[in-house]
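2 protein chains.
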Amino acid sequence: MPPKVKTDAEKQAVRTAIMDAARELFIHQGVQAVTMRAVAQRIGYSATSLFLYFTDKEQLLRAVVDADVIKLAQALKSTLSIADPLQRFLQFGQHYVQFALTNPNHYRMMFMTQHPPCDPALSSIEQNNPEQDAYSMLIGVVTSAWHAGVFKPSLTDPVLIAQTIWAAMHGLCALHINLADDAWINWRSLESRIQAMIEMCLHGLMKEPTHE
Amino acid sequence: MPPKVKTDAEKQAVRTAIMDAARELFIHQGVQAVTMRAVAQRIGYSATSLFLYFTDKEQLLRAVVDADVIKLAQALKSTLSIADPLQRFLQFGQHYVQFALTNPNHYRMMFMTQHPPCDPALSSIEQNNPEQDAYSMLIGVVTSAWHAGVFKPSLTDPVLIAQTIWAAMHGLCALHINLADDAWINWRSLESRIQAMIEMCLHGLMKEPTHE
DNA sequence: ATTTAAAAATAACAGTGTTAAGTTAACATT
DNA sequence: AATGTTAACTTAACACTGTTATTTTTAAAT
């Protein structure tokens, strides 16, 4: 059955077919459902053939998630055109949370799972490319808001501000993704928790928070 | 070799021996090193015998973590004796962060990994027992601070306050545990991130934050 | 037509959680 | 005291997993 000698484009097509199959399983059934055999079956290949396109499972998963990290970056990019630095910042945060909560499996893989430390050289994402790198976008958004003077004067390091906000928003998303159904916790509604977190950040960081 | 008919105490001893062996692997090598065979070997049992004491691996791991959740609760308990509600609250948070960062594997298991939703009936932790249930302790600490009037008057729901603070602190811990070594992020020092997060929470929630 | 080598499949290995079927030995009963 | 019962444990085995080695297929190159 091997029609021999595939063009680079054809090889790339198989690669993305594999990634699409993996993503399908990943999104709907979670990471534990993504077995090499299951992925292979979906595209009519044998499991071992996947190793001709990815060195191992970890690399396959990373490739899938990388592609969606870029999608996150593009979703966030749409907020960069907002003129007002504060509004831009708020929309940025909201898009981030929305991505996390509508793509819990991707979010889990990106930020909630243990990985061998990411080697930027191996990643398909271009670091510091503001089109692809959501982190550098965050730094940019916060820094511009900082230059616009929206933060308290005592806050002198926009990177530290950004990392603090990220952590706060991440905590919100991560707890929800993992523990939303935990009978132990009498969770307040997701909306009110989001609102409360945003307000805490605003009052905690802004010079004179505009309450809306 | 089976000396037959074990007393309940002896059976309990084996149970804890299993849990100790699992914990040892768990702490030092992470969850993926905790295989039934490895645990069994450590106590000179065969792997299948573990199933006489735990219905499955998940239950074993949960038992190990539950025991340490209680240790967390006891660590936090020491702060409850602090008279000043604000100081009690601050110390509580600091102990929480310290536990998370010195027990990353336990913390990961508790709050950062996907579990079948926790059935309080099956847990060894007594819910709402303030000696064991760290979450209800958090609610208590925040509520008492709220009654003492340290929070902004606009904040009317101490449970929502508590969940917001928890999320913020969790984000701090979780990102550090998973991404501290990520070359992608130019992390500020852990100390300054903790400090920044605390200050953001204080300024964001307190009526008139005492800056120390 | 024969060789070559790329692309795939099959077989197989080592490891996993887990179940089924034995084995051993302390106890209860006759 | 001999016998059976059964708790405690082990060994075999199953159905998976990721992965490697080997083999097959087949289009192209000679």
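Protein chains in written order, with numbering that gives the first Met the number 0: chain V, 0 to 211; chain E, 0 to 211.
Glycine included, C-beta positions come from ideal geometry on N, C-alpha and C.
Everything numeric in this text was worked out from a predicted model, so none of it was measured.
Annotated as proximal: residue 170 (chain V) and residue 167 (chain E), with beta-carbon spacing under 8 Å. Rounded to the nearest angstrom, the gap between the Cα atoms of residue 84 (chain V) and residue 150 (chain V) is 11 Å. Only those residues of the region 32-60 of chain E whose C-beta falls short of 8 Å from the nearest C-beta of chain V would be listed, and there are none.
Around the beta carbon of residue 175 (chain E), a 10 Å sphere encloses 16 or more other beta carbons of the protein chains shown; the residue is thus reported as buried. Exposure of residue 27 (chain V) is indicated by the presence of fewer than 16 other C-beta atoms within 10 angstroms of its C-beta. Annotated as proximal: residue 72 (chain V) and residue 131 (chain V), with beta-carbon spacing under 8 Å.
For residue 7 (chain V), the number of other beta carbons within 10 angstroms of its own is below 16, and it is reported as exposed. Membership of residue 198 (chain V) in the alpha helix (DSSP H) is indicated by the continuous run 189-204. Closest by C-alpha distance to residue 59 (chain E), out of E:122, E:79 and E:93, is E:122. For residue 162 (chain V), the closest Cβ of chain E is nearer than 8 Å.
For residue 181 (chain V), a Cβ of chain E is located within less than 8 Å of the residue's own Cβ. Neighbours of residue 185 (chain V) across chain E, judged by C-beta separation under 8 Å: 158. Here the alpha carbon of residue 5 (chain E) sits roughly 10 Å from the alpha carbon of residue 12 (chain E).
Residue 165 (chain V) sits away from residue 157 (chain V), with the two beta carbons spaced by 8 Å or more. Annotation: residue 102 (chain V) has no Cβ neighbours in chain E at a cutoff of 8 Å; minimum Cβ distance is about 15 Å. Taking every protein chain shown into account, the CB of residue 103 (chain E) has 16 or more other CB atoms within 10 angstroms, so this residue is buried. Residue 150 (chain V) has V:205 as its beta-bridge partners, per DSSP. With contacts defined as CB atoms closer than 8 Å, residue 35 (chain V) and residue 20 (chain V) fail to qualify as a contacting pair.
Secondary structure within the region 91-118 of chain V: the alpha helix (DSSP H) runs of 4 or more consecutive residues, fully enclosed, are 103-106 (chain order).
Remark: three or more beta-carbon pairs, one from each stretch, lie closer than 8 Å, so the region 175-186 of chain V and the region 98-116 of chain V are flagged as touching. The continuous alpha helix (DSSP H) containing residue 67 (chain E) extends over residues 56-76. Residue 203 (chain V) counts as buried, since at least 16 other C-beta atoms from the protein chains shown sit within 10 angstroms of its C-beta. Residue 172 (chain V) places its beta carbon less than 8 Å from that of residue 99 (chain V).
Residue 182 (chain V) sits close to residue 116 (chain E), with the two beta carbons spaced by under 8 Å. Of the candidates V:207, V:15, V:137 and V:89, V:15 places its Cα closest to the Cα of residue 53 (chain V). Here DSSP, grouped into helix, strand and coil, assigns residue 179 (chain V) to coil. When DSSP states are grouped into helix, strand and coil, residue 50 (chain V) belongs to the helix group.
Here DSSP, grouped into helix, strand and coil, assigns residue 139 (chain V) to helix.
Boundaries of the alpha helix (DSSP H) around residue 20 (chain E): 7-28. With respect to the C-alpha of residue 94 (chain V), the residue from V:56, V:64, V:137 and V:108 having the closest C-alpha is V:137. Separation of the CB atoms of residue 163 (chain V) and residue 66 (chain E) is rounded to 33 Å, and the pair is thereby denied contact status at 8 Å. It is roughly 17 Å from the alpha-carbon of residue 159 (chain V) to the alpha-carbon of residue 197 (chain V). Proximity of residue 116 (chain E) to chain V, defined by a Cβ-Cβ separation below 8 Å, is satisfied. Around the Cβ of residue 51 (chain V), a 10 Å sphere holds fewer than 16 other Cβ atoms; the residue is exposed. At a beta-carbon threshold of 8 Å, the residues of chain V lying near residue 119 (chain E) are 182 and 183, ordered along the chain.
Rounded to the nearest whole angstrom, the C-alpha separation of residue 97 (chain E) and residue 110 (chain E) is 15 Å.
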